[in-house]
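Enquirer:
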Amino acid sequence: MAQEEYVKELIVDTYAIIADLTGNISPVASKSLDLVRIGEAIGIIHYLIIYELTYFWEKTGLAFKSSDEIKEFIETYFKVAELDTDLALEAVKVKVEGDRLLREANEPKLRKRQLSIADATTLALALRLNVPMITGDEDLKYVANRMRIRVIW
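Residue numbers for the sequence shown follow numbering that gives the first Met the number 0, so the first one is 0 and each next one is one higher.
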(Lines of atoms letter the chains of each structure in order from A and count residues from 1; the text may use other names and numbers.)
(Lines give C-alpha, C1' and ligand atoms only; values in the text may rest on other atoms or scores of the structure.)
Protein backbone atom coordinates (compact mmCIF):
# COMPACT_ATOMS: atom_id res chain seq x y z
CA MET A 1 0.00 0.00 0.00
CA ALA A 2 1.57 3.25 -1.08
CA GLN A 3 1.87 5.87 1.64
CA GLU A 4 -0.56 8.29 -0.02
CA GLU A 5 -3.09 5.57 -0.80
CA TYR A 6 -6.23 5.44 1.32
CA VAL A 7 -8.39 2.35 1.66
CA LYS A 8 -11.90 3.03 2.96
CA GLU A 9 -12.97 -0.60 3.37
CA LEU A 10 -11.08 -3.85 3.57
CA ILE A 11 -11.70 -7.45 4.50
CA VAL A 12 -9.67 -8.44 7.56
CA ASP A 13 -8.61 -12.09 7.77
CA THR A 14 -8.07 -14.01 11.01
CA TYR A 15 -4.36 -14.26 10.22
CA ALA A 16 -4.04 -10.47 10.24
CA ILE A 17 -5.86 -10.09 13.56
CA ILE A 18 -3.74 -12.76 15.26
CA ALA A 19 -0.53 -11.40 13.73
CA ASP A 20 -1.44 -7.95 15.04
CA LEU A 21 -2.19 -9.28 18.54
CA THR A 22 1.11 -11.20 18.63
CA GLY A 23 3.26 -8.44 17.15
CA ASN A 24 4.02 -10.41 13.99
CA ILE A 25 2.29 -8.12 11.52
CA SER A 26 3.93 -6.32 8.61
CA PRO A 27 4.25 -2.52 8.84
CA VAL A 28 1.85 -1.97 5.93
CA ALA A 29 -0.77 -4.29 7.42
CA SER A 30 -0.32 -2.66 10.82
CA LYS A 31 -0.94 0.78 9.33
CA SER A 32 -4.12 -0.50 7.67
CA LEU A 33 -5.39 -1.95 10.94
CA ASP A 34 -4.52 1.31 12.70
CA LEU A 35 -6.86 3.07 10.25
CA VAL A 36 -9.58 0.57 11.19
CA ARG A 37 -8.95 1.13 14.91
CA ILE A 38 -9.29 4.91 14.64
CA GLY A 39 -12.34 4.69 12.40
CA GLU A 40 -10.77 6.02 9.21
CA ALA A 41 -11.33 2.70 7.44
CA ILE A 42 -13.95 -0.01 7.83
CA GLY A 43 -12.60 -3.46 8.65
CA ILE A 44 -15.03 -6.11 7.47
CA ILE A 45 -15.09 -9.63 8.86
CA HIS A 46 -17.59 -12.50 8.80
CA TYR A 47 -18.76 -14.95 11.41
CA LEU A 48 -16.20 -17.64 10.46
CA ILE A 49 -13.41 -15.20 11.29
CA ILE A 50 -15.03 -14.65 14.68
CA TYR A 51 -15.16 -18.44 15.05
CA GLU A 52 -11.47 -18.86 14.12
CA LEU A 53 -10.36 -16.04 16.42
CA THR A 54 -12.37 -17.43 19.33
CA TYR A 55 -11.07 -20.95 18.68
CA PHE A 56 -7.50 -19.63 18.65
CA TRP A 57 -8.15 -17.89 21.98
CA GLU A 58 -9.67 -21.09 23.45
CA LYS A 59 -6.53 -23.03 22.44
CA THR A 60 -3.93 -20.44 23.48
CA GLY A 61 -5.53 -17.98 25.89
CA LEU A 62 -3.85 -15.24 23.89
CA ALA A 63 -4.89 -11.61 24.23
CA PHE A 64 -8.38 -11.99 25.64
CA LYS A 65 -9.72 -12.84 29.10
CA SER A 66 -13.13 -14.08 27.99
CA SER A 67 -15.36 -14.63 24.99
CA ASP A 68 -17.23 -11.49 26.08
CA GLU A 69 -14.00 -9.56 25.63
CA ILE A 70 -13.65 -11.01 22.12
CA LYS A 71 -17.23 -9.95 21.38
CA GLU A 72 -16.51 -6.43 22.62
CA PHE A 73 -13.34 -6.29 20.51
CA ILE A 74 -15.25 -7.40 17.39
CA GLU A 75 -18.16 -5.03 17.97
CA THR A 76 -15.84 -2.09 18.67
CA TYR A 77 -13.56 -2.38 15.67
CA PHE A 78 -15.20 -4.39 12.90
CA LYS A 79 -18.26 -4.52 10.71
CA VAL A 80 -19.57 -8.08 10.58
CA ALA A 81 -20.81 -8.90 7.08
CA GLU A 82 -24.06 -10.76 6.79
CA LEU A 83 -23.75 -14.00 4.91
CA ASP A 84 -26.50 -15.17 2.61
CA THR A 85 -27.31 -18.02 0.27
CA ASP A 86 -25.74 -16.32 -2.75
CA LEU A 87 -22.48 -15.72 -0.89
CA ALA A 88 -22.40 -19.35 0.28
CA LEU A 89 -22.89 -20.54 -3.30
CA GLU A 90 -20.15 -18.18 -4.50
CA ALA A 91 -17.81 -19.39 -1.74
CA VAL A 92 -18.19 -22.95 -3.03
CA LYS A 93 -17.14 -21.82 -6.52
CA VAL A 94 -14.22 -19.88 -5.02
CA LYS A 95 -13.12 -22.95 -3.04
CA VAL A 96 -13.19 -25.21 -6.09
CA GLU A 97 -11.25 -22.66 -8.18
CA GLY A 98 -8.88 -21.81 -5.31
CA ASP A 99 -8.06 -25.46 -4.65
CA ARG A 100 -7.35 -25.91 -8.37
CA LEU A 101 -5.04 -22.88 -8.35
CA LEU A 102 -3.19 -24.25 -5.34
CA ARG A 103 -2.81 -27.72 -6.93
CA GLU A 104 -1.29 -26.08 -10.01
CA ALA A 105 1.04 -23.75 -8.09
CA ASN A 106 4.77 -23.82 -8.82
CA GLU A 107 5.66 -23.94 -5.13
CA PRO A 108 5.42 -27.54 -3.84
CA LYS A 109 4.14 -26.56 -0.38
CA LEU A 110 1.21 -24.67 -1.94
CA ARG A 111 0.28 -27.68 -4.07
CA LYS A 112 -0.46 -29.67 -0.91
CA ARG A 113 -2.80 -27.04 0.50
CA GLN A 114 -6.55 -26.40 0.20
CA LEU A 115 -8.64 -23.39 1.08
CA SER A 116 -10.62 -23.57 4.28
CA ILE A 117 -14.31 -22.72 4.27
CA ALA A 118 -13.43 -19.50 6.10
CA ASP A 119 -10.84 -18.56 3.45
CA ALA A 120 -13.24 -19.32 0.59
CA THR A 121 -15.89 -17.17 2.27
CA THR A 122 -13.37 -14.36 2.83
CA LEU A 123 -12.41 -14.42 -0.85
CA ALA A 124 -16.04 -14.53 -1.99
CA LEU A 125 -16.82 -11.55 0.23
CA ALA A 126 -13.85 -9.57 -1.13
CA LEU A 127 -15.02 -10.31 -4.67
CA ARG A 128 -18.61 -9.33 -3.89
CA LEU A 129 -17.65 -6.05 -2.22
CA ASN A 130 -14.75 -5.34 -4.58
CA VAL A 131 -12.46 -4.38 -1.71
CA PRO A 132 -8.90 -5.41 -0.80
CA MET A 133 -8.15 -7.87 1.94
CA ILE A 134 -5.52 -7.88 4.64
CA THR A 135 -3.84 -11.22 5.32
CA GLY A 136 -0.44 -12.78 5.69
CA ASP A 137 -1.77 -16.29 5.03
CA GLU A 138 0.32 -17.60 2.12
CA ASP A 139 -2.42 -19.83 0.65
CA LEU A 140 -4.98 -17.07 0.83
CA LYS A 141 -2.61 -14.45 -0.62
CA TYR A 142 -1.69 -16.76 -3.49
CA VAL A 143 -5.31 -17.46 -4.46
CA ALA A 144 -6.42 -13.86 -3.89
CA ASN A 145 -3.71 -12.54 -6.20
CA ARG A 146 -4.75 -14.95 -8.93
CA MET A 147 -8.38 -13.91 -8.50
CA ARG A 148 -7.33 -10.28 -8.86
CA ILE A 149 -8.15 -9.41 -5.27
CA ARG A 150 -5.74 -6.85 -3.89
CA VAL A 151 -3.90 -8.10 -0.81
CA ILE A 152 -2.47 -5.79 1.81
CA TRP A 153 0.43 -7.25 3.73
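Don't be surprised by glycine CBs; every beta carbon is placed ideally from N, CA and C.
These numbers come from a predicted model, not from an experiment.
#1: From the DSSP output, which residues share a beta bridge with L109?
#2: When you compare the CB positions of Y76 and G42, do they come within less than 8 Å of one another, or not?
#3: Between which two residues does the alpha helix (DSSP H) harbouring I69 extend?
#4: Taking C-alpha atoms, which residue in A143, S31, I17 lies nearest to E8?
#5: Pick from T59, K108, T134, A90: whose alpha carbon is nearest that of L126?
#6: Hey, quick one: how far does the alpha helix (DSSP H) through V6 stretch, first residue to last?
#7: Based on the DSSP secondary-structure assignment, which residues constitute the bridge partners of V79?
#8: Have a look at T121 and H45 and give me their C-alpha separation to the nearest angstrom.
#9: Quick one: using the 10 Å Cβ neighbour count with 16 as the cut-off for buried, is G97 buried or exposed?
#10: In three-state DSSP terms, what is I10?
#11: May I ask which residues mark the beginning and end of the alpha helix (DSSP H) holding L61?
#12: Would you call the CB atoms of L139 and D12 closer than 8 Å?
#13: Going by beta carbon distance, what residues of the same chain come within less than 6 Å of V93, once the five residues before and after it are set aside?
Expert: Walking through what the data contain:
#1: None, per the DSSP bridge assignment.
#2: Taking the C-beta atoms as reference points, G42 is found nearer than 8 Å to Y76.
#3: That run of the alpha helix (DSSP H) goes 66-76.
#4: Of the candidates A143, S31, I17, the one whose C-alpha sits nearest the C-alpha of E8 is S31.
#5: Cα-wise, what sits closest to L126 is A90.
#6: Looking at the DSSP string, V6 is not in any alpha helix (DSSP H), and its letter there is neither H nor E.
#7: I44
#8: 8 Å
#9: buried
#10: strand
#11: First-last for L61: undefined, no H or E at that position.
#12: Yes; because the gap between Cβ atoms is below 8 Å, this pair is in contact.
#13: A119, L122, A123
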